[in-house]
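Q:
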Amino acid sequence: MLDGALRRRLDPVLDRLGAALAGRGVSADAVTILGLCLGLAAALLIGLGAYLPAAALILVSRLCDGLDGAVARASRKTDFGGFLDIVLDFTFYGAVPLGFIIADPAANGLAGGFLLFAFYVNGASFLAYAVMAEKRALTTAVRGAKSLYFTTGLAEATETIVFFLLSCLFPGWFPLFATVFALVCLYTALSRIVLARLTFRQD
Numbered sequence: 002m003l004d005g006a007l008r009r010r011l012d013p014v015l016d017r018l019g020a021a022l023a024g025r026g027v028s029a030d031a032v033t034i035l036g037l038c039l040g041l042a043a044a045l046l047i048g049l050g051a052y053l054p055a056a057a058l059i060l061v062s063r064l065c066d067g068l069d070g071a072v073a074r075a076s077r078k079t080d081f082g083g084f085l086d087i088v089l090d091f092t093f094y095g096a097v098p099l100g101f102i103i104a105d106p107a108a109n110g111l112a113g114g115f116l117l118f119a120f121y122v123n124g125a126s127f128l129a130y131a132v133m134a135e136k137r138a139l140t141t142a143v144r145g146a147k148s149l150y151f152t153t154g155l156a157e158a159t160e161t162i163v164f165f166l167l168s169c170l171f172p173g174w175f176p177l178f179a180t181v182f183a184l185v186c187l188y189t190a191l192s193r194i195v196l197a198r199l200t201f202r203q204d
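Start counting the sequence shown at 2; every next residue gets the next number (this note's numbering).
#1: Taking only the alpha-carbon atoms, compute the straight-line gap between Y130 and L191 and give it to the nearest angstrom.
#2: With burial defined as no fewer than 16 other Cβ atoms inside 10 Å of the residue's Cβ, what is the status of G50: buried or exposed?
#3: Of the choices F127, A44, L35 and G19, whose alpha-carbon is the least far from that of F168?
#4: By DSSP, does K136 sit in helix, in strand, or in coil?
#5: Can you name, in chain order, every residue of its own chain whose Cβ lies under 6 Å from the Cβ of G40, other than the five neighbours on each side?
#6: V72 and V27: beta carbons closer than 8 Å?
#7: Looking at L35 and C65, is the spacing between their C-beta atoms short of 8 Å?
#8: Could you give the C-beta distance for L116 and D30, rounded to a whole number, given that I count them as a contact under 8 Å?
#9: Thinking C-beta only, is G113 closer than 8 Å to P98?
#10: Buried or exposed for D80, please, with buried defined as at least 16 other CB atoms from any protein chain shown within 10 angstroms of its CB.
#11: Going residue by residue through the segment 26-55, where are the continuous alpha helix (DSSP H) segments of at least 4 residues, counting only ones entirely within it?
#12: Going by C-alpha distance, which of P172, E160 and R137 is nearest I103?
#13: Which value, in whole angstroms, describes the spacing of the CA atoms of R1 and A108?
#14: I need the straight-line Cα distance from T189 to T159, nearest angstrom please.
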């Protein structure tokens, strides 16, 4: 929901940084992989109970997630790069809740499992919609130039990062935060299913 407004503010800065990195020979795929490594390190720190350093790594990881697209636009966009970006993003999104479950299985296990279930459903609806949109040659630039069709929703990248950061700042509240955010994700998936029914119905 907030991604569009945030992108309008950040994209000019990211595009300048991306052009500078591309000029130095840094590839978009390398930035994507670095972002994942930082995200997995954050999840590991969460599992060890080091929440504040984990929050810092999450921020830097997501900076890389924004920079990889900027580097690609300044050099060369590839289908593999778009594929890698999506797969590693989903890996990061699953790793952070797992870190909280590992940190305190008794307190966080049920809510964390519910959140991972909601992520799974929401991710499936997002990717399935993208496949059907590609089949029908639909296009959108609502979230900028992307390698696949992006549908909007209540739970997008910005909301997910805010949830992760709040959970790191207030780890004792993770079960409540995770339950609420899981419901938001499921609502987003349901709204996408309704949108698909309206968009993909047979004439």
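The beta-carbon is built from N, C-alpha and C at its ideal position, and this holds for glycine as well.
Owing to the predicted nature of the structure, the values given are computational and were not obtained by experimental measurement.
A: Concretely, from the data shown:
#1: Translated into the one-based positions of the sequence shown, residue 130 becomes position 129. Translated into the one-based positions of the sequence shown, residue 191 becomes position 190. In a straight line, the C-alpha of Y130 is about 12 Å away from that of L191.
#2: For this step, residue 50 is matched to residue 49 along the sequence shown. Exposed, because fewer than 16 other Cβ atoms sit within 10 Å of the Cβ of G50.
#3: Counting from one through the sequence shown, the residue named residue 168 turns up at place 167. The sequence given here places Ser at residue 168; Phe does not occur at that position. It is A44.
#4: Locating residue 136 in the sequence shown gives position 135, where the first residue counts as 1. Three-state DSSP puts K136 in a helix.
#5: Translated into positions along the sequence shown, residue 40 becomes position 39. Cβ within range, chain order: S62 and F93.
#6: Position 71 of the sequence shown, counting from 1, holds the residue named residue 72. Position 26 of the sequence shown, counting from 1, holds the residue named residue 27. Yes, they are a contact pair.
#7: The residue given as residue 65 occupies position 64 in the sequence shown. The residue given as residue 35 occupies position 34 in the sequence shown. Contact: yes.
#8: In the sequence shown, the residue the question calls residue 116 occupies position 115. In the sequence shown, the residue the question calls residue 30 occupies position 29. Actually they are not in contact, since the Cβ atoms of L116 and D30 sit about 29 Å apart, beyond 8 Å.
#9: For the purposes of this step, residue 98 is identified with residue 97 of the sequence shown, where counting begins at 1. For the purposes of this step, residue 113 is identified with residue 112 of the sequence shown, where counting begins at 1. A contact, by the Cβ cut-off of 8 Å.
#10: Mapped onto the sequence shown, residue 80 falls at position 79. With fewer than 16 other Cβ atoms within 10 Å, it is exposed.
#11: 29-48
#12: Residue mapping note: residue 103 aligns to position 102 of the sequence shown, counting from 1. Checking every option, the nearest Cα to that of I103 belongs to P172.
#13: Here the chain covers residues 2 to 204 and nothing more, so residue 1 does not appear.
#14: Translated into the one-based positions of the sequence shown, residue 189 becomes position 188. Translated into the one-based positions of the sequence shown, residue 159 becomes position 158. In a straight line, the C-alpha of T189 is about 14 Å away from that of T159.
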